[in-house]
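Novice: Just passing along the structure, written as structure tokens.
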Amino acid sequence: MSNIRITKQFSFETGHALYGYDGKCKNVHGHSYKLSVTVIGTPITDRSNVKFGMVIDFTDLKKIVKEEIVDQFDHATVFNETTPHIELANELIKRGHHVILVDYQPTSENMVVDFSQRILKRLPEGIALFSLKLQETESSFAEWYASDNFKSIL
């Protein structure tokens, strides 16, 4: 049976600031992120299985990504917990804002690595994460490929 790639796309709004950056992104601002999640596997061949012919049910993939990323990052503000932004973060939290503190600079590059780790731990056996594409603007995105990070994805 052939390996098939399945892709599902997601959208969410997230704010962030890049501490120490020498441009406008040092200021708190937000993006309408688009995340494309591609997994790879072989379609189910058991005719008695209700998911016969599927690599993974799109609904199952949606549940994983929604719980691990979209529900957590949508309408949140992300700050690096090891910078002075922690003071702003604590004030926002006190005022009821949804803030996520991470141990990295919240660039698209670092966020896509974080997202890969969150998804990898939830995928069912026989399904591998092939790639992620995190689009920050219409013309700017970061990509993560398993082939760049692991010797073999299957």
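To convert a position in the sequence shown, counted from 1, into my numbering, add 38. Quick reminder that beta carbons are idealized off the backbone N, C-alpha and C, glycines included.
#1: Evaluate contact between the region 113-121 and the region 41-56, counting only Cβ atoms and requiring at least three cross-stretch pairs below 8 Å.
#2: Would you mind sorting serine 86 into buried or exposed? The rule is 16 or more other CB atoms within 10 Å of its CB.
#3: How many whole angstroms separate the CB atoms of asparagine 128 and threonine 80, which I take to be in contact at a CB cut-off of 8 Å?
#4: Could you please give me the residues that DSSP links to tyrosine 183 through a beta bridge?
#5: Where does the unbroken alpha helix (DSSP H) through valine 150 begin, and where does it stop?
#6: Provide the residue(s) that pair with tyrosine 71 in DSSP beta bridges, ordered along the chain.
#7: Between the Cα of isoleucine 107 and those of Ser169, Tyr59 and Ser154, spot the shortest distance and give me the residue it belongs to.
#8: Let me check understanding here. Comparing Cα to Cα, which of Thr121, Lys132, Val75 and Gly61 lies closest to glutamate 181?
Specialist: By the coordinates alone:
#1: yes
#2: For the purposes of this step, residue 86 is taken as the residue at position 48 of the sequence shown. Serine 86 comes out exposed.
#3: Translated into the one-based positions of the sequence shown, residue 128 becomes position 90. Translated into the one-based positions of the sequence shown, residue 80 becomes position 42. The pair is not a contact, with the Cβ atoms about 48 Å apart (cut-off 8 Å).
#4: On the sequence shown, residue 183 is found 145 positions in, with the first residue counted as 1. In the DSSP output, where bridge partners are listed per residue, tyrosine 183 has Ser169.
#5: Taking the first residue of the sequence shown as 1, we reach residue 150 at position 112. 146-158 is the extent of the alpha helix (DSSP H) around valine 150.
#6: To locate residue 71, count along the sequence shown from 1; it is residue 33. Paired residues: Phe50.
#7: Along the sequence shown, read from residue 1 onward, the residue named residue 107 stands at position 69. Among Ser169, Tyr59 and Ser154, the Cα nearest to that of isoleucine 107 belongs to Ser154.
#8: As a working note, residue 181 is residue 143 in the sequence shown. When only C-alpha atoms are compared, the closest one is Val75.
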